[in-house]
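J.: Throughout the sequence shown, residue numbering follows the UniProt record's numbering, covering 1 to 176 in sequence.
Ideal Cβ positions, reconstructed from N, Cα and C, are used throughout, including at glycine.
All values derive from a computational prediction rather than experimental measurement.
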Amino acid sequence: MENNMECSIVKATMEDVQALADLFLGHIRNHKEYISHGEIQMGVGIGRFEDGQLAAEPTPDAERMWKKYITANISDSEGAFVCKAVSDDGSIVGFVVAEIQEDGAEPFGMLCDLLVKDGSRTHGTGTALLEHALAWFSSKGISDIYLESGLNNHAAHEYFRRRGFVKVSEIFKLSR
């Protein structure tokens, strides 16, 4: 466990699934720009095109699909890492999900989710969660690390650029 200015960073457990789902779903309902192709592909988000622009939103089945995803990642102690940020009052204020992908020439890391509740941002919580994920990747011998981010999630894009990530591609979806 590590303490930053406002919270402790610890591994998530199965008992956290509902609280993590509530945090995630509350966030994407209020910040649709968070929804990327990953959420669309797994049935958590739906992307429609209006005037040539992506209009994403959670699906009616988003909670069930996201719980399936987070449960699988918490259960996979070798290939996935889920950490939560817990405030002094015991509430979860953020989390990170990291996975090792085996479908390349060499295994690589995928930072799947990094989310901090609106009122808990700018206190180092996201950075502490990110550093825990990067340390986990390092402990597994993984140095090639990627992430995806919603098309209009500009604040996240800047956050990751400041931490050494660079844009390497763009994802396109057929809109007809």
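Could you please give the first and the last residue of the uninterrupted beta strand (DSSP E) stretch that includes residue 144?
T.: No beta strand (DSSP E) holds residue 144; DSSP gives it neither H nor E.
J.: Rounded to whole angstroms, what is the Cα-Cα separation between residue 120 and residue 34?
T.: Approximately 17 Å between the Cα atoms of the pair.
J.: Under 8 Å by Cβ, that's how I've got residue 93 and residue 65 pegged, so tell me the actual separation to the nearest angstrom.
T.: That belief does not hold up - the Cβ atoms of residue 93 and residue 65 are roughly 23 Å apart, past 8 Å.
J.: Of the choices 78, 88, 70 and 54, whose alpha-carbon is the least far from that of residue 139?
T.: It is 78.
J.: Kindly indicate which residue of 62, 116, 81 and 46 has the alpha-carbon position closest to the one of residue 55.
T.: Minimum Cα distance to residue 55 is reached at 46.
J.: From the DSSP output, which residues share a beta bridge with residue 92?
T.: Looking at the DSSP assignment, residue 92 forms a beta bridge with 86.
J.: CB-CB under 6 Å to residue 150, same chain, minus the five flanking residues each way: which ones, in chain order?
T.: Result list for residue 150: 33, 34, 35 and 36, in chain order.
J.: Run through the DSSP bridge pairs and tell me what residue 11 is partnered with.
T.: Per DSSP, 83.
J.: Report yes if the C-beta distance between residue 12 and residue 84 is below 8 Å; otherwise report no.
T.: Yes.
J.: Note down, in chain order, each residue of its chain lying with its Cβ closer than 6 Å to the Cβ of residue 97, except the 5 sequence neighbours on either side.
T.: Closer than 6 Å at the Cβ level, and outside the excluded window around residue 97, lie 73, 82, 112 and 113.
J.: Assuming contact is defined by CB atoms lying nearer than 8 Å, are residue 58 and residue 25 in contact in what I supplied?
T.: For residue 58 and residue 25, yes; Cβs fall inside 8 Å.
J.: Shortest alpha-carbon distance to residue 63 belongs to which of 103, 102 and 20?
T.: The shortest Cα separation from residue 63 among 103, 102 and 20 belongs to 20.
J.: So, residue 109 versus residue 116, is the Cβ gap smaller than 8 Å?
T.: No. Outside cutoff.
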